[in-house]
Amino acid sequence: MARNVDSTTSFDDLPLEAAEEIFTRLPVKTLIRSTSVCKTWYSNITNPTFTSAHIQHSLSCCDETAVLIIPSKYKNNKSCSLISARTGHVLKTYTIPFTTNAGMIKLVASLNGILCLAECPLDNFGRPAADEFQELYLWNPSVGKYKALFSSCFKRRGKCSYAVGLGFLEGSCDFRVVRVAFCKDDVGCLLGKVAPKVEVYSLKTNKWRRIRNPVVPRVARDSGKTVGNSMTYWLDRDPEKLYSCSEEGYIVYFDFNREVFGQIELPDDVRNCVGLMATFKLMTFESKLAVFVFNDVQESNGLKLMPSCIWLLSHEDGKFSWTPRFKVVLGEHVFPFSLSRSGALIVLSACPPVPGLVSCNLKSQDLRLTKPLVTDPCSVDTAFVESLLMLEGRDEQKNS
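For this note's numbering, count along the sequence shown from 1 and bump the result up by 1.
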């Protein structure tokens with residue numbers, strides 16, 4: 002008769018593919034703790050290939066109603082909240098690990114769980130100062146790591162309009178930040194005699210690099226929307242031209258792979274609204290760029306209504322095309338913020354009974370505004386996903 006032989010099987014005895022499959026399904030906090038078990042686990046978890054696989058799994062099973070709320074004034078509230086747009090319940094909170102002189106920040110870009118935040122400088126009256134240089138921070142709330150990007154290739158930093166975008170180069174596994182400075186010439190024109198200046202930051206090298214002789218076709222401002230990792234987009238926001246009936250509407254983009262700029266015409270139906278001083282907003286939805294536009298104001302039973310449309314941009318075989326995705330009629334004093342993965346439109350309502358940041362679901366056509374998600378000034382990220390990016394390395398508050 003064969004004897005019973007005692008045997009033990011450990012996690013290390015599993016095939017590599019099986020171990021990686023198990024790791025992929027674990028939450029970020031568990032994986033961070035697991036890196037201290039042994040060198041093999043640390044190496045596997047911090048491997049860029051595994052990090053990418055973990056992001057894809059997180060995207061496939063994340064709460065599609067979740068939106069990340071970043072407070073604009075955070076001296077008294079140094080935390081971001083992941084909130085359900087459907088119920089308003091707080092799912093998670095993340096402590097902001099750095100401070101700024103002004104105590105005000107805004108989200109200018111986000112990608113794969115990395116937030117690019119900008120300090121909001123204040124003027125002598127304590128108000129947000131326009132056209133001032135903004136210090137940037139890259140922060141992954143999930144792992145608690147951040148990088149302060151205080152340096153710049155620009156010698157002249159003040160009194161310029163800035164556009165910022167975030168991208169990821171898959172070949173080199175490197176995050177990049179692009180910053181464009183539009184400085185006024187002697188007659189006050191942003192895209193006149195003074196050419197725009199462009200610099201690109203590499204997280205891998207921790208350095209800014211100036212792009213020589215960039216061809217920037219139009220004025221871009223504020224935050225960029227990244228689609229497909231390597232393309233970031235801005236709306237043409239030249240105030241001298243945006244509301245001219247004869248001016249066509251455009252979107253400016255930057256290709257991180259080729260480091261070139263380009264422009265895309267807005268749909269005819271959207272461009273026809275430009276002369277009506279329509280409100281535009283860039284968003285992302287279904288892995289595509291979206292543009293939200295209010296049409297002309299209508300009145301019904303004494304109420305002012307805002308018919309709106311959301312268009313999606315497709316990019317195939319080098320050609321761009323637009324498709325209308327949603328049509329919605331909103332009330333007066335309701336301003337769009339973003340779209341969640343579930344189709345919840347996040348808007349800022351200035352009217353009672355629901356003043357504050359609220360949502361309505363476009364996919365289900367449930368256009369009733371929910372109770373306020375938040376009432377304080379804030380930025381919103383509807384594409385946030387927990388990731389292991391930036392896990393290696395330490396926080397850096399010094400110049401970079």
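Ideal Cβ positions, reconstructed from N, Cα and C, are used throughout, including at glycine.
* Asked: If we call anything under 9 Å between Cβ atoms a contact, is residue 71 one with residue 32?
  -> no
query: Expressed to the nearest angstrom, what Euclidean distance is found between the alpha-carbon atoms of residue 73 and residue 376?
result: 11 Å
If we count the other Cβ atoms within 10 Å of its Cβ and call it buried at 16 or more, is residue 399 buried or exposed? Reliability of the predicted coordinates at residue 399 is poor, the pLDDT of 45 falling under 50, and the value obtained from them is presented with this limitation in mind. With fewer than 16 other Cβ atoms within 10 Å, it is exposed.
Worksheet item: Can you tell me the Cα-Cα spacing of residue 331 and residue 296, whole angstroms?
Response: 11 Å
**Message:** In the DSSP assignment, the alpha helix (DSSP H) including residue 221 goes from what residue to what residue?
**Reply:** Unbroken run through residue 221: none, as it is neither H nor E.
*asked:* For residue 231 and residue 379, I'd like the C-alpha separation in whole angstroms.
replied: Looking at the two C-alpha atoms, the distance is approximately 26 Å.
Short of 7 Å in beta carbon distance, which residues of its chain neighbour residue 153, apart from the five on each side in sequence? Order them along the chain.
200 and 209
*If you run the structure through DSSP and keep just helix, strand and coil, what is residue 197?*
coil
message: Can you tell me whether residue 30 is helix, strand or coil according to DSSP?
response: Residue 30 falls in the helix class under three-state DSSP.
task = Tell me whether the beta-carbon of residue 110 lies closer than 9 Å to the beta-carbon of residue 341.
result = no
With H, G and I counted as helix, E and B as strand and the rest as coil, what does DSSP make of residue 278? Note on residue 278: pLDDT 43, under 50, position unreliable in the model; the coordinate value appears next. Three-state result, residue 278: coil.
- residue 94 - DSSP class collapsed to helix/strand/coil: strand
Start-to-end residues for the alpha helix (DSSP H) that takes in residue 17: 17 to 25
First through last residue of the alpha helix (DSSP H) which encompasses residue 66: Where residue 66 is concerned, there is no enclosing alpha helix (DSSP H), given that its DSSP letter is neither H nor E.
For residue 176, the residue or residues it bridges with in DSSP: When DSSP reads this structure, residue 176 sits in a beta bridge with 169.
Pair every Cβ in the segment 16 to 28 with every Cβ in the segment 52 to 60, then say whether three or more of these pairs are closer than 8 Å.
yes
Taking the beta strand (DSSP E) that residue 227 belongs to, which residues open and close that run? 226 to 228
Worksheet item: Does DSSP put residue 35 in a helix, in a strand, or in coil?
Response: Secondary structure of residue 35 (DSSP, three-state): helix.
Worksheet item: Across which residues does DSSP place residue 284 in a beta bridge pair?
Response: 291
**Prompt:** Are there three or more Cβ pairs, one per stretch, closer than 8 Å when the segment 301 to 309 is compared with the segment 253 to 273?
**Reply:** no
* Taking 9 Å as the cut-off, decide whether the C-beta atoms of residue 168 and residue 176 are in contact. => yes
(message) Checking the sheet assignment: what are the DSSP bridge partners for residue 115?
(response) Beta-bridge annotation (DSSP): residue 115 is paired with 112.
Q: Use the C-beta contact count for residue 290: other C-beta atoms within 10 angstroms, 16 or more gives buried, fewer gives exposed.
A: buried
Would you tell me roughly how many angstroms separate the C-alpha atoms of residue 260 and residue 228, rounded to the nearest one?
-> 15 Å
Can you tell me the Cα-Cα spacing of residue 279 and residue 250, whole angstroms?
Reliability fails at residue 279, whose pLDDT of 48 lies under 50, so the model's placement of it is uncertain and no value is given.
Q. Would you say residue 294 and residue 282 are within 9 Å of each other, going by their C-beta atoms?
A. yes
Helix, strand or coil at residue 362 according to DSSP, with G and I counted as helix
strand
### Query
With C-beta atoms as the reference, is residue 385 less than 9 Å away from residue 326?
no
* Asked: In the DSSP assignment, what are the bridge partners of residue 389?
  -> Note: residue 389 sits in no beta bridge, so no partner.
| Distance between residue 144 and residue 99 (C-alpha atoms, nearest Å) | A direct Cα-Cα distance of roughly 14 Å separates residue 99 from residue 144.
Exercise. State the DSSP-derived secondary structure class of residue 306, mapped to helix, strand or coil.
Key: strand
Quiz item: How is the beta strand (DSSP E) around residue 1 delimited, first residue to last?
Solution: Nothing about residue 1 can be reported from this structure: the residues present for the chain run from 2 to 401 only.
query = Under a three-way DSSP split, which group does residue 233 fall into?
reply = strand
Whole-angstrom distance between residue 49 and residue 172, CA atom to CA atom: Computed Cα separation, rounded: 11 Å.
- Message: Pull the bridge partners of residue 251 from the DSSP assignment, please.
- Response: DSSP, once it has assigned bridges, lists 266 as partnering residue 251.
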